[in-house]
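Novice: Quick one: this structure, given as structure tokens, is what I'll be asking you about.
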Ligand code: AMP
Ligand code: ZN
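Residue numbers (the numbering used here): 2 to 114.
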């Protein structure tokens, strides 16, 4: 499958990794939108949240707890952060491998654009 993030999981493209375990890879976004901007992805290819299945429940929960850990490790948990997943066209998804943006280091506005 011609998927950018699967190539990162395979090691063919080397992102700036901040955390990795057997299920997830966390790396810095190449075009950061905040002082801290990392992406959390499952190593298994899931296209987006619309593609997730009940059997992915534990994986999805693990990604959320990994976001908590990474936010703490990067020292942004107490000041706060935003976790976002963009799904399909109206959600603004551009890479079709499930990922969560963890944004921090500045005050986030609402509503998002
Ligand atoms: P989305 O628009 O929600 O699908 O997010 C895709 C994200 O992937 C964007 O924030 C991009 O900046 C980021 N991105 C694209 N290519 C790379 C790359 N080679 N390394 C790190 N992040 C990337
Ligand atoms: Zn993929």
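Cβ atoms here follow ideal geometry from the backbone N, Cα and C, with glycine treated the same way.
Using a Cβ-based criterion (distance less than 7 Å to any ligand heavy atom), does residue 96 qualify as near the ligand AMP?
Specialist: Yes, the ligand AMP has a heavy atom inside 7 Å of this Cβ.
Novice: In whole angstroms, what is the alpha-carbon distance linking residue 26 and residue 19?
Specialist: Those two C-alpha atoms are separated by around 8 Å.
Novice: Please report the distance separating the alpha-carbon of residue 45 from that of residue 90.
Specialist: Those two C-alpha atoms are separated by around 22 Å.
Novice: Looking at the C-beta of residue 61, does it have a partner C-beta in chain B at a distance below 8 Å?
Specialist: The structure shown contains no chain B, having only a single protein chain.
Novice: Just checking, does the region 59-66 make contact with the region 4-14 on the three C-beta pairs under 8 Å criterion?
Specialist: Contact between the region 59-66 and the region 4-14 is absent, because fewer than three Cβ pairs lie under 8 Å.
Novice: On the three-state DSSP scale, how would you describe residue 55?
Specialist: The answer is helix: DSSP assigns residue 55 an H, G or I state.
Novice: At 3 residues or longer, and completely inside the region 21-68: list those beta strand (DSSP E) runs for me, N to C.
Specialist: Within the region 21-68, the complete beta strand (DSSP E) runs of at least 3 residues are 25-29 and 37-43.
Novice: Is residue 99 near residue 50, with beta carbons less than 8 Å apart?
Specialist: Going by C-beta atoms, residue 99 is nearer than 8 Å to residue 50.
Novice: Going by the CB atoms, is the gap between residue 107 and residue 32 shorter than 8 Å?
Specialist: In this structure, residue 107 does not lie closer than 8 Å to residue 32 by Cβ.
Novice: Taking 7 Å as the cut-off, is the C-beta of residue 46 nearer than that to any heavy atom in the ligand ZN?
Specialist: Indeed, a heavy atom of the ligand ZN lies less than 7 Å from the Cβ.
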